[in-house]
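Visitor: In terms of the working numbering, the sequence shown opens at residue 724 and continues consecutively. Each residue gets a CB set at the ideal place from its N, CA and C atoms; glycine is no exception.
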Amino acid sequence: MTHVTDAMGHGLSRRAALCGLAGGLALAGFEAARMPQAVAASIHATVIASSPRYLCNAVAATRDGTLFLGAPRWDLMADTPSVFRVASDGALQPFPGGSWNTWKPGADAASAFVMVNGLHIFSDDTLWVVDQGIDPTKGASVPGGQKLVQLDPRDGRVLQVLRWGDDILPPGSAMNDLRIAGDLMFVTDSGLGGIIIHNMRSGETVRRLSEYKLLRATPDKPLRGRDGHILRDSTGKRPLVHSDMLEITADRKWFYFSTPSGPLRRIPTDILLDASLTDDQRAGRIEKVIDLPTIMGTAIDTLGNLYYADAEHGRIVVLTPEKKQLTLFEDPRLVDGDALFITADRHMLVPVAQTERLPSNNAGVNALKLPFISLGFALPDTLDGHRLGGVVSSL
């Protein structure tokens, strides 16, 4: 979920904060045996990461279980290193190190993380980082700041950096999340509303459905937190986040997308890709799937089950291809579960971002409860008699 606010001061030095992160991860239980059958009440989630200082809204894992955390520069988090790799002893290490993790307002953004809002690991096991490039003190992207960065998860080597001009990222755009299907990369723009499609083989990039109504949130359905309060800042201003979540089915027939306030919609992937069509024609093929509560993260499995993190009720829900909704997991610790991640061995990872407790979403009051945690649990094979799949291979 995109969240851009003014940075606020704090009394903890960066050095002290980073030192305090050491030993802040608990990996026990991450390799727990898969459960043959389970319902929501029987799933036990383990705290797989615990940060005493920096809010994390993204978590991903390589095939060997190495964890990475995304820590955005939201209010109270101005000095975040942005991306962490979890060492074998549990320490959280700024990744890949150097200038990438030490950006400050006014500094060069070409080789530094400015506003990391998402990260993902696909089937080639490399780490992709989504940097919106937004200076939180100005609320606007800085030159060279908005980018996608691909990293080698072992040594931190930068494999490539993708940046686009105003034809793909007009002023006001904010890249939010991404998925890869074959040679194609799909990225949502939550700043204006739109879908970016990049062909990784040819290098061609196009923008689809830019600022179309069905990709934009509306003020008539505000974002709500777990306690029922409407997210708003001290002046009463409410966040308005446009196209955010996206998922692509394993057979690549359907492209699902949503704003955090819903509804969930979908479009045939071939319609989205067909260069002979106009955006008006594409918009005519968009289907509404279901209405949603406030959500902050999604995932999809190989059997077409779509998972969403219900922020209003502290749960993760499975939407089956038949549109049946099943509660997979409920937990009092699940306050604004964000970007969901399914590992290669069928574990679900959930960062607990506490978004609703930030001052900018809680009428100016800081209600954050430390530490910031991420949860993990094994996906059952079935839920209420319905089969669940595994991670969708992207390449």
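Could you tell me which whole alpha helix (DSSP H) segments of length 4 or greater appear in the stretch 1070-1108?
Guide: For the stretch 1070-1108, not a single whole alpha helix (DSSP H) run of length 4 or above is found.
Visitor: Just tell me which of 802, 955 and 794 has its CA closest to the CA of residue 1061.
Guide: The option with the nearest alpha carbon to residue 1061 is 794.
Visitor: Just checking my contact of residue 919 with residue 928 at CB under 8 Å: how many whole Å lie between their CB atoms?
Guide: Yes, they are in contact, since the Cβ atoms of residue 919 and residue 928 sit about 7 Å apart, within 8 Å.
Visitor: Mapping the DSSP letters down to three states, classify residue 816 as helix, strand or coil.
Guide: Note: residue 816 maps to strand in three-state DSSP.
Visitor: Buried or exposed: residue 1079, going by 16 or more other Cβ atoms within 10 Å of its Cβ?
Guide: When all chains shown are included, residue 1079 counts as buried.
Visitor: So which of 1020, 1057, 989 and 1064 has the shortest CA-CA distance to residue 1046?
Guide: Nearest C-alpha to residue 1046: 989.
Visitor: Does the separation of the CB atoms of residue 935 and residue 1002 fall below 8 Å?
Guide: Against a cut-off of 8 Å, the Cβ pair of residue 1002 and residue 935 comes out as a contact.
Visitor: Does DSSP put residue 1028 in a helix, a strand or coil?
Guide: Three-state result, residue 1028: coil.
Visitor: Rounded to the nearest angstrom, how far is the Cβ of residue 1095 from that of residue 774, given a contact under 8 Å?
Guide: That belief holds up - the Cβ atoms of residue 1095 and residue 774 are roughly 5 Å apart, short of 8 Å.
Visitor: Skipping 5 residues on each side, what residues in its chain have a beta carbon closer than 8 Å to that of residue 800?
Guide: Cβ neighbours of residue 800 beyond the five flanking positions: 730, 777, 778 and 794.
Visitor: Have a look at residue 835 and residue 797 and give me their C-alpha separation to the nearest angstrom.
Guide: Their backbone Cα atoms lie some 16 Å apart in a straight line.
Visitor: Measuring only the C-alpha atoms, how far is residue 814 from residue 1055?
Guide: The alpha-carbon atoms of residue 814 and residue 1055 are separated by roughly 26 Å.
Visitor: Put residue 1009 into one of helix, strand or coil per three-state DSSP.
Guide: Here residue 1009 sits in coil by DSSP.
Visitor: Measuring CB to CB, does residue 907 end up less than 8 Å from residue 922?
Guide: The answer is yes: Cβ separation under 8 Å.
Visitor: Could you tell me the boundaries of the alpha helix (DSSP H) in which residue 992 lies?
Guide: 992-996 is the extent of the alpha helix (DSSP H) around residue 992.
Visitor: Is it right to say residue 817 is buried, meaning 16 or more other beta carbons lie within 10 angstroms of its own, or is it exposed?
Guide: Its Cβ being crowded by 16 or more others within 10 Å, residue 817 is buried.
Visitor: Measure the C-alpha to C-alpha separation of residue 1021 and residue 781 and round it to an integer number of angstroms.
Guide: Whole-angstrom Cα-Cα distance: 12 Å.
Visitor: For residue 1074, count the other beta carbons within 10 Å of its own beta carbon; 16 or more makes it buried, fewer makes it exposed. Which is it?
Guide: So residue 1074 counts as buried.
Visitor: In angstroms with no decimal places, state the Cα-to-Cα distance between residue 1113 and residue 1026.
Guide: Spanning the two alpha carbons is a distance of roughly 8 Å.
Visitor: Would a C-beta distance cut-off of 8 Å place residue 871 and residue 885 closer than the cut-off?
Guide: In this structure, residue 885 lies closer than 8 Å to residue 871 by Cβ.
Visitor: Indicate the three-state DSSP secondary structure (helix, strand or coil) for residue 745 in the structure shown.
Guide: With a pLDDT of only 33 at residue 745, under the threshold of 50, the placement of this residue in the model should not be trusted; the figure read from the coordinates follows. Coil.
Visitor: Tell me which same chain residues have a C-beta within less than 8 Å of the C-beta of residue 876, skipping the five on either side of it?
Guide: Correct list, in chain order: 785, 789, 791, 808, 844, 848, 849 and 850.
Visitor: Using the three-state DSSP reduction, which class does residue 1115 fall into: helix, strand or coil?
Guide: Here residue 1115 sits in coil by DSSP.
Visitor: DSSP state of residue 1110, grouped into three classes?
Guide: In this structure, residue 1110 counts as strand in the three-state DSSP scheme.
Visitor: Counting C-beta neighbours from all protein chains within 10 Å, is the total for residue 1040 16 or more, i.e. buried, or is it exposed?
Guide: Buried: at least 16 other Cβ atoms inside 10 Å.
Visitor: Measuring only the C-alpha atoms, how far is residue 1048 from residue 853?
Guide: Approximately 30 Å, taken between the alpha carbons.
Visitor: Roughly how many angstroms lie between the CA atoms of residue 874 and residue 880, to the nearest whole one?
Guide: C-alpha separation (whole angstroms): 6 Å.
Visitor: Using the rule of at least 16 other Cβ atoms within 10 Å of the residue's Cβ for burial, across every protein chain shown, is residue 837 buried or exposed?
Guide: Residue 837 comes out buried.
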